[in-house]
Amino acid sequence: MNRHLISAADLSRDDVLLILDTAAELASVGRPIRKLPTLRGLTVVNLFYEDSTRTRTSFEAAAKRLSADVINFSAKGSSVAKGESLKDTALTLEAMGADAIVIRHPASGAPLRLTNWVSGKVVNAGDGTHEHPTQALLDAFTIRQRLGALDGTRVTIVGDVLHSRVARSNVLLLATLGAEVTLVAPPTLMPYAVEAWPCKASYDFDTELRKSDVVMMLRVQQERMSAAYFPTVREYRRRYGLDAGRMALLPEHAIVMHPGPMNRGVEIAAEVADSDRSTIVQQVANGVTVRMAVLYLMLGGATEEAA
Amino acid sequence: MCAMRPEPVHEGWKAVLSGEEIRRALSRIAHEILERTHGGEGIVLLGIPTRGVYLARRLSQRIGEFEGTPASVGSLDVTMHRDDLRLRPARALQRTQVPPDGVDGKTVVLVDDVLFSGRTIRAALDALNDLGRPRTVQLAVLVDRGHRELPIRADYVGKNLPTAQRERVRVLLEEIDGQDCVLLGERDQ
Numbered sequence: 082m083n084r085h086l087i088s089a090a091d092l093s094r095d096d097v098l099l100i101l102d103t104a105a106e107l108a109s110v111g112r113p114i115r116k117l118p119t120l121r122g123l124t125v126v127n128l129f130y131e132d133s134t135r136t137r138t139s140f141e142a143a144a145k146r147l148s149a150d151v152i153n154f155s156a157k158g159s160s161v162a163k164g165e166s167l168k169d170t171a172l173t174l175e176a177m178g179a180d181a182i183v184i185r186h187p188a189s190g191a192p193l194r195l196t197n198w199v200s201g202k203v204v205n206a207g208d209g210t211h212e213h214p215t216q217a218l219l220d221a222f223t224i225r226q227r228l229g230a231l232d233g234t235r236v237t238i239v240g241d242v243l244h245s246r247v248a249r250s251n252v253l254l255l256a257t258l259g260a261e262v263t264l265v266a267p268p269t270l271m272p273y274a275v276e277a278w279p280c281k282a283s284y285d286f287d288t289e290l291r292k293s294d295v296v297m298m299l300r301v302q303q304e305r306m307s308a309a310y311f312p313t314v315r316e317y318r319r320r321y322g323l324d325a326g327r328m329a330l331l332p333e334h335a336i337v338m339h340p341g342p343m344n345r346g347v348e349i350a351a352e353v354a355d356s357d358r359s360t361i362v363q364q365v366a367n368g369v370t371v372r373m374a375v376l377y378l379m380l381g382g383a384t385e386e387a388a
Numbered sequence: 012m013c014a015m016r017p018e019p020v021h022e023g024w025k026a027v028l029s030g031e032e033i034r035r036a037l038s039r040i041a042h043e044i045l046e047r048t049h050g051g052e053g054i055v056l057l058g059i060p061t062r063g064v065y066l067a068r069r070l071s072q073r074i075g076e077f078e079g080t081p082a083s084v085g086s087l088d089v090t091m092h093r094d095d096l097r098l099r100p101a102r103a104l105q106r107t108q109v110p111p112d113g114v115d116g117k118t119v120v121l122v123d124d125v126l127f128s129g130r131t132i133r134a135a136l137d138a139l140n141d142l143g144r145p146r147t148v149q150l151a152v153l154v155d156r157g158h159r160e161l162p163i164r165a166d167y168v169g170k171n172l173p174t175a176q177r178e179r180v181r182v183l184l185e186e187i188d189g190q191d192c193v194l195l196g197e198r199d200q
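Printed below as a string of structure tokens:
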């Protein structure tokens with residue numbers, strides 16, 4: 082495995098399988114293990130420049146279950162609000178002895194910059210519209226848990242692909258694992274040069290639904306939308322929202338995923354989100370396990386300089 | 012089984028236990044366990060991956076042959092509890108599988124292939140602590156090669172094998188290596 086986890090593309094097939102198998106073993110220990118002593122004495126810093134509940138608490142829980150010390154640093158109400166740069170913040174945290182920095186930042190590429198300034202490991206917890214590799218890992222883990230395998234699994238990712246780091250990481254990771262990914266989005270929310278991605282693209286949701294094993298709904302990210310990408314929410318919902326009627330088109334075994342937080346009634350109807358096919362709650366639970374596996378594999382062993 | 016295989020497979024290694032001797036050692040250990048635990052009431056055999064798990068299964072089967080019912084058996088991965096984790100790159104985890112009624116109040120017999128420094132067993136005791144509170148914990152090993160670094164001693168030993176620190180002991184088992192035998196060799200070969 083690489084020293085840092087910045088992009089899902091950094092992971093080879095073997096790396097991904099090692100992470101997923103490690104997570105599976107962590108999850109299989111029949112009864113809830115209170116705490117493992119593995120990362121005792123190591124410090125994990127959660128450096129969050131963007132609001133997040135799920136990812137930050139998930140990383141925090143994962144680190145704590147491995148007995149690491151956790152420092153939460155959020156930009157709001159901190160020295161960042163006083164104008165401190167990312168570099169200076171990073172050096173401060175470094176001086177405090179951070180063994181790993183989990184960073185979320187609104188600028189794509191911030192985690193990669195960070196790797197030049199600190200000696201600890203860097204984990205990307207979402208950077209701008211670039212990537213969110215641990216989300217892709219937990220999605221892959223959830224698919225494997227529900228459907229058994231990923232090779233040849235048909236995954237349809239629907240919605241605001243343009244702004245979605247979750248979609249980018251998932252396309253890369255699922256392609257590494259041999260799944261067939263199709264992106265479905267309104268033309269205005271389909272990224273440029275999507276032909277170069279290891280996936281297919283389509284504008285017709287209903288046709289894709291019928292042949293999907295997994296449908297992954299993306300959140301409509303109002304906060305990143307500076308222009309009008311679609312006329313009205315109602316029109317978006319009619320063409321790209323997943324409601325009970327559309328869900329009925331899916332094959333019997335298919336599952337519905339959503340990385341959260343959901344806009345109920347926009348991209349996903351409440352009755353779909355709460356149905357048996359929805360893995361949304363399972364994804365959150367798996368998030369902790371998969372992040373434990375990532376932290377263990379990155380921090381648990383000897384730090385080999387020549388990776 | 013070693014004697015039946017062509018020699019080149021184990022070049023530089025000396026066979027110290029044959030398949031037949033392993034079989035006999037395990038039968039003896041199974042008898043000793045039954046004797047010490049008064050018929051094996053409430054015992055759980057927990058093998059330490061990789062090879063300890065197969066040895067635990069064999070012991071359970073052997074106990075079944077002697078007493079009618081096989082002893083409950085499981086596996087205990089100690090990776091996350093090791094004290095030498097930071098000396099090597101992170102290792103893949105192995106399966107931990109505890110019988111459905113757990114280990115609380117049971118007589119747990121840890122089973123491993125080779126007892127050397129004792130650090131694996133220390134980690135196993137910690138890992139076991141997270142699973143519950145056994146009434147007693149005992150230790151069965153196929154080979155005790157000495158050089159303990161911690162105050163740990165096995166209750167059941169297949170063979171005491173005097174070794175030099177630099178030597179290596181390899182246990183091969185039918186289930187994964189295709190044959191049963193214990194080999195002794197020099198390090199770095």
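For the protein sequence lines, the chains are A and B, in the order given. Residues 82 to 388, numbered by the working numbering, are exactly what the first sequence covers, in order. Residues 12 to 200, numbered by the working numbering, are exactly what the second sequence covers, in order. By construction, the Cβ of each residue, glycine as well, lies at the ideal position given by its N, Cα and C atoms. Quick caveat: nothing in here was measured; it's all calculated off a predicted structure.
If you keep only unbroken alpha helix (DSSP H) runs of at least 4 residues inside the region 194-280 of chain A, you get 214-228, 246-257. Taking 9 Å as the cut-off, the beta carbon of A/Val252 is found closer than this to the beta carbon of A/Trp278. Within chain B, the residues whose beta carbon sits less than 7 Å from that of A/Tyr377 are Ala101, listed in sequence order. Residues of chain B with a Cβ closer than 8 Å to the Cβ of A/Leu107 are, in chain order, Leu104.
Excluding sequence positions up to five before and after B/Val89, its CB lies within less than 7 Å of the CB of Ile59, Thr131, Ala134, Ala135, Ala138, all in the same chain and listed in chain order. Interface annotation, B/Thr131: not in contact with chain A, CB-CB separation never under 9 Å. When C-alpha distances from A/Tyr317 are compared across A/Met343, A/Pro267, A/Leu299, the shortest belongs to A/Pro267. Annotation: Cβ neighbours of A/Asp102 in chain B (cutoff 9 Å, chain order): Ala103, Leu104. Using a Cβ-Cβ distance cut-off of 8 Å, the region 159-174 of chain A and the region 108-122 of chain B are not in contact, since fewer than three pairs of beta carbons, one from each stretch, lie closer than that value. No residue range can be given for B/Met91, since it is assigned to no alpha helix (DSSP H) and is classified by DSSP as neither H nor E. With fewer than 16 other Cβ atoms from the protein chains shown falling within 10 Å of its own Cβ, B/Ile187 counts as exposed. Contact residues of the region 85-98 of chain B toward chain A are Asp88, Thr90, Met91, His92, Arg93, Leu96, Arg97, Leu98 (C-beta to C-beta distance below 9 Å). For the pair of segments examined, the region 372-386 of chain A was found to touch the region 93-104 of chain B: the number of CB pairs separated by less than 8 Å reaches three. In this structure, DSSP gives A/Asn127 an extended state, which the three-state scheme calls strand. When DSSP states are grouped into helix, strand and coil, B/Ala36 belongs to the helix group. Between A/Leu86 and A/Pro214 the beta-carbon gap is near 6 Å, inside 8 Å, which marks them as a contact.
Distances from the alpha-carbon of A/Pro312 to those of A/Ile336, A/Glu289, A/Ser166, A/Leu270 put A/Leu270 closest. If you draw a straight line from the Cα of B/Gly85 to the Cα of B/Cys192, it is about 23 Å long. Where B/Gln149 is concerned, there is no enclosing alpha helix (DSSP H), although the beta strand (DSSP E) around it starts and stops at 147-155. The continuous stretches of alpha helix (DSSP H) do not include B/Val120, which lies in the beta strand (DSSP E) extending over residues 118-126. A residue is called buried once 16 or more other Cβ atoms fall within 10 Å of its Cβ, and B/Gln176, having fewer, is exposed. Here the alpha carbon of B/Gly196 sits roughly 6 Å from the alpha carbon of B/Glu178. Under the three-state reduction of DSSP, A/Gln303 is assigned to helix. In the three-state reduction of the DSSP assignment, A/Asp357 falls in the coil class. Measuring C-alpha to C-alpha distances from B/Val27 to each of B/Gly79, B/Val168, B/Val154 identifies B/Val154 as the nearest. C-alpha of A/Ile100 to C-alpha of B/Gly129: approximately 29 Å in a straight line.
Taking A/Val371 as the centre and dropping the five residues before and after it, the same chain places the C-beta of Ala104, Leu218, Leu219, Phe222 closer than 6 Å to its C-beta, in chain order.
Here DSSP, grouped into helix, strand and coil, assigns B/His21 to helix.
For the pair A/Thr288 and A/Arg305, the Cα-to-Cα distance works out to about 29 Å. Chain-ordered listing is empty here: chain B has no CB closer than 7 Å to the CB of A/Thr237, the nearest sitting near 32 Å.
The C-beta of B/Thr107 comes closer than 9 Å to at least one C-beta of chain A. Put simply, the CB of A/Gly381 is near chain B, with a gap under 9 Å to one of its CB atoms. In terms of beta-carbon proximity, A/Leu195 stays away from the interface with chain B, with every pair separated by 9 Å or more. At least 9 Å separates the CB of B/Asp188 from every CB of chain A. Burial state of A/Ala162 is exposed, judged by a 10 Å Cβ sphere holding fewer than 16 other Cβ atoms.
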